[in-house]
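Under our numbering, the sequence shown has 174 at position 43, and the numbering climbs by one with no breaks.
Here the structure is laid out as structure tokens; the discussion comes afterwards.
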Amino acid sequence: MGPPPRDTHSRFPPSPARHRRSVIRRVRVLALLLSTRALASPEDAVVPSTDQSISHEAALDTAGQAGPPVDTDAPAASTRTVVTGTRLPRPVRDVPATTVVLPREEIDRSPTLTQDTLVRTLPSAATFRRTPSLVSDPTAQGLNLRGLAPSGVARTLVLVDGVPANDPFGGWVFWRSLPRLGLDRIEVVPGGGSALYGSAALGGVVQLFSRPITRTTLDADLTLGNLDTGRVAARAAHRWERVAASVETEFLRSDGYPLIAPTQRGAIDAATPSNHVVLNGRVEADVSDTLTLSARASLFRENQNGGTRYTTARAELAHFGAGARLRTEALGAFNLDLFGRLQRFEQDRARVASDRSTEALAATQDVPADDQGASLVWTSPAWSAAGLHQLTAGLDARRMAGSSDEQLFPPNPTPESAVARRAGGTQWAGGVFLQDLYALTPALELSGTLRLDVWRNTRGHQDVERGNGATETTAFDDRTETQLSPRLGLRVRPHDRLTLRASAYRAFRAPTLNELYRPFQVGTLLTAANAELGAERLWGAEAGVEVEPTRSLTARVTGFWNQLEDPITNVTLADGVSRQRQNLGRARVYGVETSLDWRLSRQWTALLAYTFVDPTVTDAPGQPALVGKQLAQDPRHRGTAIVTFDEPRLVTATVQLRVTGPQYEDDLNERGMGGALVVDVAVSRRLFWKVDAFGAVENLFDRAYFAGRAGVDTLGPPLLARVGLRLRDAP
Numbered sequence: 132m133g134p135p136p137r138d139t140h141s142r143f144p145p146s147p148a149r150h151r152r153s154v155i156r157r158v159r160v161l162a163l164l165l166s167t168r169a170l171a172s173p174e175d176a177v178v179p180s181t182d183q184s185i186s187h188e189a190a191l192d193t194a195g196q197a198g199p200p201v202d203t204d205a206p207a208a209s210t211r212t213v214v215t216g217t218r219l220p221r222p223v224r225d226v227p228a229t230t231v232v233l234p235r236e237e238i239d240r241s242p243t244l245t246q247d248t249l250v251r252t253l254p255s256a257a258t259f260r261r262t263p264s265l266v267s268d269p270t271a272q273g274l275n276l277r278g279l280a281p282s283g284v285a286r287t288l289v290l291v292d293g294v295p296a297n298d299p300f301g302g303w304v305f306w307r308s309l310p311r312l313g314l315d316r317i318e319v320v321p322g323g324g325s326a327l328y329g330s331a332a333l334g335g336v337v338q339l340f341s342r343p344i345t346r347t348t349l350d351a352d353l354t355l356g357n358l359d360t361g362r363v364a365a366r367a368a369h370r371w372e373r374v375a376a377s378v379e380t381e382f383l384r385s386d387g388y389p390l391i392a393p394t395q396r397g398a399i400d401a402a403t404p405s406n407h408v409v410l411n412g413r414v415e416a417d418v419s420d421t422l423t424l425s426a427r428a429s430l431f432r433e434n435q436n437g438g439t440r441y442t443t444a445r446a447e448l449a450h451f452g453a454g455a456r457l458r459t460e461a462l463g464a465f466n467l468d469l470f471g472r473l474q475r476f477e478q479d480r481a482r483v484a485s486d487r488s489t490e491a492l493a494a495t496q497d498v499p500a501d502d503q504g505a506s507l508v509w510t511s512p513a514w515s516a517a518g519l520h521q522l523t524a525g526l527d528a529r530r531m532a533g534s535s536d537e538q539l540f541p542p543n544p545t546p547e548s549a550v551a552r553r554a555g556g557t558q559w560a561g562g563v564f565l566q567d568l569y570a571l572t573p574a575l576e577l578s579g580t581l582r583l584d585v586w587r588n589t590r591g592h593q594d595v596e597r598g599n600g601a602t603e604t605t606a607f608d609d610r611t612e613t614q615l616s617p618r619l620g621l622r623v624r625p626h627d628r629l630t631l632r633a634s635a636y637r638a639f640r641a642p643t644l645n646e647l648y649r650p651f652q653v654g655t656l657l658t659a660a661n662a663e664l665g666a667e668r669l670w671g672a673e674a675g676v677e678v679e680p681t682r683s684l685t686a687r688v689t690g691f692w693n694q695l696e697d698p699i700t701n702v703t704l705a706d707g708v709s710r711q712r713q714n715l716g717r718a719r720v721y722g723v724e725t726s727l728d729w730r731l732s733r734q735w736t737a738l739l740a741y742t743f744v745d746p747t748v749t750d751a752p753g754q755p756a757l758v759g760k761q762l763a764q765d766p767r768h769r770g771t772a773i774v775t776f777d778e779p780r781l782v783t784a785t786v787q788l789r790v791t792g793p794q795y796e797d798d799l800n801e802r803g804m805g806g807a808l809v810v811d812v813a814v815s816r817r818l819f820w821k822v823d824a825f826g827a828v829e830n831l832f833d834r835a836y837f838a839g840r841a842g843v844d845t846l847g848p849p850l851l852a853r854v855g856l857r858l859r860d861a862p
């Protein structure tokens, strides 16, 4: 492994001895680059960071990399490794794409309780609505980056150690199935990522990385809070000589809070209780010095109540995976991943009186789904040809199948009333890609990626049963589509403290089985499926500058422009009540994201981040009233300010401010929602040995704000306070 990270916070110039060591390191790096060694796999190329900075940078050190040249005299943060942006480990400042990282130290210090709320502390990341997964229906937990057309379906790919976590039927993200105790870091790469990752990465990629298993460890959390919130989490890991294993579990329950705004709340409305349990296991074996095998399994169950007797949801998930990593001197590195998933989503829907005094069961829905997939990625040894090249090639395939089985209970049934509906199908998807990272000099690098995807929808059907016993069956035609996704990138470093980045890309997202076949209802609004949907397509570009005037200060500014063609949108129909999923035409999404990381002293750090987005519909055939409208659930302004005091002998404290600007619930921009300002705090102190006491409060000032206005006004979470004990036995 490489040398340990240097102290990134020293304000003194290097000594002559340090300068000589720096020159020696440069020579060693040059020799390494010319040796054309095989690139190590991500698992072998990273070690945990010991840096306690709040910086949204990689929390890893570089080791064994034979990629483009690395300036080892740069700040240590610049030489830490990230993986997601190029599918191979590289120093973060050498990646052409903008990459933001939440390291493990920052995850531990965060006042947030759930993973989706944690990710939303990055202003460029947002879920569909402002409600957290603590009370939100699993089908409304989609993720978007840089304001790219939010919806319940994620337009961002979420990976866990390289394996897709998005639901195979609807593209949703079950955030509560991703416990944080076993996380090493979260990498966020906004912008079209289809060139490397295919359909689901239309708007970018978020990847969660598990902690490496280096020795015997035991970690645990015990939390109690208001709203009858309780959380128990534990992780145990052990390494023998060549075999390592870990197991992790988490249980969380809460009574939630009344979602409906007080002015509309009725006799049927109550709090929103929920609970979940998750169990993860992982085994790794170093079969030889060059071959590593791994296996993992995960079980998850979640129960949600939307605040009334007949608004409930349940999700069950079993996930299995296996992998192999082979590293050779002559041929490079090979990474193989296999995975499979079985899951079930169940939901009850209510028919509510206008004064919300009574409700009746409107429908029950059962959505079983499964998927299987595989990916193989090859990384070449570095080779020279008018500069230094690093090739990466890969292929992947995935089968997704599912159905929506509904029992309907119309208020005034007739022989012609629909009483049951079953719809679903199978989707096959696969792709191949090739990437070249071409460093003309250490200061100038070009990147080029091209991917071809093919997907096919088969066995699509809808069966509707009437009250008189008659059944109407509709079989949808099989459909096949292809998509070519290029991406070009440029990274220039004219000065050691200045990095310039630019990229242009094309991306896409195929419609999910859910969008093609499953209708859904939120409040009083019914949204119909559409089996004729086509793929969304995105053209985009970004350019940015990163400046490190001192070792303690990093500033970033990135401008981006995206044009989304044929976005799948919930369009209000002529009756003003019903909606249908349609390919809307065209939308333009452009803006700027900025951040400032500042280590004021050894104990004090600060982060300021702001994202401005202008999401506008520019073309809407058949819906001229939508042209010029702002995309629904898409605020123009989002910002975060985080200040941390970290003195282990005394106390560690974090205060964070999250600001969200006004937005609209609907595509017609008629249901507006004001902005929201929320303050969160967290404090911890070592009691004895490795045991800490901690406390955290989300929404410290108990600010009330709208989370949604889909037929009925719902509220964001109120003050949530909790205290607990934490055992940290990690290196």
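We put the CB at the ideal spot given by N, CA and C, even for glycine.
Would you mind giving the Cβ-Cβ distance between Asp501 and Ala453, rounded to the nearest angstrom? I have them listed as a contact below 8 Å.
Walking along the sequence shown from the start, residue 501 turns up at place 370. Walking along the sequence shown from the start, residue 453 turns up at place 322. Actually they are not in contact, since the Cβ atoms of Asp501 and Ala453 sit about 17 Å apart, beyond 8 Å.
Going residue by residue through the stretch 738-776, where are the continuous beta strand (DSSP E) segments of at least 3 residues, counting only ones entirely within it?
Those beta strand (DSSP E) runs which fall completely within the stretch 738-776 and span 3+ residues do not exist here.
So, helix, strand or coil for Tyr636, using DSSP?
Numbered from its first residue, the sequence shown carries residue 636 at position 505. Looking at Tyr636 - three-state DSSP - the assignment turns out to be strand.
Start and end of the alpha helix (DSSP H) containing Asn645?
Taking the sequence shown and counting its residues from 1, the one referred to as residue 645 is at position 514. Where Asn645 is concerned, the enclosing alpha helix (DSSP H) stretches over Leu644 to Tyr648.
Anyone know if the C-beta pair for Ser860 and Thr217 falls short of 7 Å?
In the sequence shown, counting from the first residue as 1, residue 860 sits at position 729. In the sequence shown, counting from the first residue as 1, residue 217 sits at position 86. For clarity, residue 860 is Asp in the given sequence; the question names Ser instead. Not closer than 7 Å, so no.
Output yes or no for whether 7 Å exceeds the beta carbon distance between Asp352 and Arg857.
Looking up residue 352 in the sequence shown gives position 221. Looking up residue 857 in the sequence shown gives position 726. Contact flag set, yes.
Quick one: using the 10 Å Cβ neighbour count with 16 as the cut-off for buried, is Leu615 buried or exposed?
Translated into the one-based positions of the sequence shown, residue 615 becomes position 484. The residue in question, Leu615, is exposed, as its Cβ has fewer than 16 Cβ neighbours within 10 Å.
Identify whether Leu191 lies in helix, strand or coil by the three-state DSSP scheme.
For the purposes of this step, residue 191 is identified with residue 60 of the sequence shown, where counting begins at 1. Note that Leu191 scores a pLDDT of 32, beneath 50, so its modelled location is shaky and nothing firm can be said.
Excluding the five sequence neighbours on either side, which residues of its own chain have a C-beta within less than 6 Å of the C-beta of Glu537, listed in chain order?
Here residue 537 is taken as the residue at index 406 of the sequence shown, counted from 1. For Glu537, where only same-chain residues beyond five positions count, the Cβ hits under 6 Å are Ala494, Gln496 and Arg552.
Please work out which residues of its chain come closer than 7 Å, Cβ to Cβ, to Gly855, disregarding the five sequence neighbours upstream and downstream, and give them in chain order.
As a position in the sequence shown, residue 855 is number 724, starting the count at 1. So the list reads Asp352, Leu353, Thr354, Leu355 and Phe825, once near-sequence residues are dropped.
Assign Glu433 to buried or exposed, taking buried as 16 or more other Cβ atoms, counted over all protein chains shown, within 10 Å of its Cβ.
Walking along the sequence shown from the start, residue 433 turns up at place 302. That one is buried.
Per DSSP, which one or two residues make a beta bridge with Val378?
Numbered from its first residue, the sequence shown carries residue 378 at position 247. Its beta-bridge partners are Ala367 and Gly412.
How close, in whole Å, do the beta carbons of Pro254 and Thr742 come, if the pair is a contact with beta carbons under 8 Å?
Start at 1 with the first residue of the sequence shown, and residue 254 comes out as number 123. Start at 1 with the first residue of the sequence shown, and residue 742 comes out as number 611. Indeed, because the Cβ distance is near 4 Å, the residues count as touching under 8 Å.
Can you name, in chain order, every residue of its own chain whose Cβ lies under 6 Å from the Cβ of Leu492, other than the five neighbours on each side?
What you label residue 492 is simply residue 361 of the sequence shown in a count that begins at 1. Cβ neighbours of Leu492 beyond the five flanking positions: Tyr441 and Phe540.
Indicate whether Gly324 and Val336 have their beta-carbon atoms separated by less than 7 Å.
Locating residue 324 in the sequence shown gives position 193, counting from the first residue. Locating residue 336 in the sequence shown gives position 205, counting from the first residue. Their beta carbons are under 7 Å apart, which means Gly324 touches Val336 by this criterion.
Tell me Thr703's beta-bridge partners as DSSP assigns them.
Along the sequence shown, read from residue 1 onward, the residue named residue 703 stands at position 572. Bridge partners of Thr703: Arg710.
Out of Pro698, Ile344, Leu581 and Ala570, point me to the one whose CA is closest to Gly518's CA.
As a working note, residue 518 is residue 387 in the sequence shown. With distances taken between Cα atoms, Gly518 lies closest to Ala570.
Considering only C-alpha positions, which residue in the set Gln246, Ala444 and Thr252 is nearest to Pro310?
Within the sequence shown, numbered from 1, the residue matching residue 310 stands at position 179. Per the Cα distances, Gln246.
Given this structure, state the Cα-to-Cα distance separating Pro544 from Gly671, to the nearest angstrom.
In the sequence shown, counting from the first residue as 1, residue 544 sits at position 413. In the sequence shown, counting from the first residue as 1, residue 671 sits at position 540. Roughly 50 Å between the two C-alpha positions.
So, helix, strand or coil for Tyr569, using DSSP?
The sequence position of residue 569 within the sequence shown is 438, counting from 1. In this structure, Tyr569 counts as strand in the three-state DSSP scheme.
How long is the line joining the alpha carbons of Ser535 and Ala838, rounded to whole angstroms?
Locating residue 535 in the sequence shown gives position 404, where the first residue counts as 1. Locating residue 838 in the sequence shown gives position 707, where the first residue counts as 1. Roughly 27 Å separates the two Cα atoms.
Using DSSP with H/G/I as helix, E/B as strand and the rest coil, what is Val418?
Start at 1 with the first residue of the sequence shown, and residue 418 comes out as number 287. The answer is coil: DSSP assigns Val418 none of H, G, I, E or B.
Tell me the DSSP secondary structure of Val304 in three-state form.
As a working mapping, residue 304 is identified with position 173 in the sequence shown. Val304: coil per DSSP, three-state reduction.
Work out the CA separation of Pro779 and Phe819 for me, nearest whole Å.
For the purposes of this step, residue 819 is taken as the residue at position 688 of the sequence shown. For the purposes of this step, residue 779 is taken as the residue at position 648 of the sequence shown. Rounded to the nearest angstrom, the two C-alpha atoms are 12 Å apart.
Assuming Ile865 is part of the beta strand (DSSP E), what are its boundary residues?
Nothing in the structure corresponds to residue 865, since the chain is present only between 132 and 862.
From the DSSP output, which residues share a beta bridge with Glu236?
Mapped onto the sequence shown, residue 236 falls at position 105. Its beta-bridge partners do not exist; DSSP assigns none.
What's the gap between the Cα of Thr658 and the Cα of Glu236?
Here residue 658 is taken as the residue at index 527 of the sequence shown, counted from 1. Here residue 236 is taken as the residue at index 105 of the sequence shown, counted from 1. Looking at the two C-alpha atoms, the distance is approximately 42 Å.
Return helix, strand or coil for Leu333, following the three-state DSSP convention.
Residue 333 sits at position 202 when you count from the first residue of the sequence shown. In this structure, Leu333 counts as coil in the three-state DSSP scheme.
By alpha-carbon positions, which one of Val250, Thr421 and Ala513 ends up nearest to Arg316?
Translated into positions along the sequence shown, residue 316 becomes position 185. Of the listed residues, the one whose Cα sits closest to Arg316 is Val250.
Of the residues Thr523, Leu290, Ile391 and Ala367, which one's Cα is nearest the Cα of Phe470?
Taking the first residue of the sequence shown as position 1, residue 470 is located at position 339. Minimum Cα distance to Phe470 is reached at Leu290.
Looking only at its own chain, which residues have a Cβ that is under 6 Å from the Cβ of His450, when we skip the five neighbours before and after it?
As a first step, residue 450 is located in the sequence shown; it is residue number 319 there, counting from the start. For His450, where only same-chain residues beyond five positions count, the Cβ hits under 6 Å are Ser429 and Arg472.
Just tell me which of Ile399, Ala392, Ala228 and Ile344 has its CA closest to the CA of Asp844.
Translated into the one-based positions of the sequence shown, residue 844 becomes position 713. Answer by Cα proximity: Ala392.
Cα-Cα, which of Gly278, Asp386, Ala367 and Leu339 is closest to Ser267?
As a first step, residue 267 is located in the sequence shown; it is residue number 136 there, counting from the start. When each option's Cα is compared against that of Ser267, the closest is Asp386.
Taking the alpha carbon of Gly504 as the point to measure from, which residue in Leu522, Leu762 and Gly562 has its own alpha carbon closest?
Against the sequence shown, residue 504 aligns to sequence position 373. Ranking the options by Cα distance to Gly504, first place goes to Gly562.
I think Val595 touches Ala549, with their Cβ atoms under 8 Å apart; what is that distance to the nearest whole Å?
Taking the sequence shown and counting its residues from 1, the one referred to as residue 595 is at position 464. Taking the sequence shown and counting its residues from 1, the one referred to as residue 549 is at position 418. That pair is a contact at about 5 Å.
Do Gly278 and Asp765 have their C-beta atoms closer together than 7 Å?
Position 147 of the sequence shown, counted from the first residue, corresponds to residue 278. Position 634 of the sequence shown, counted from the first residue, corresponds to residue 765. Going by C-beta atoms, Gly278 is nearer than 7 Å to Asp765.
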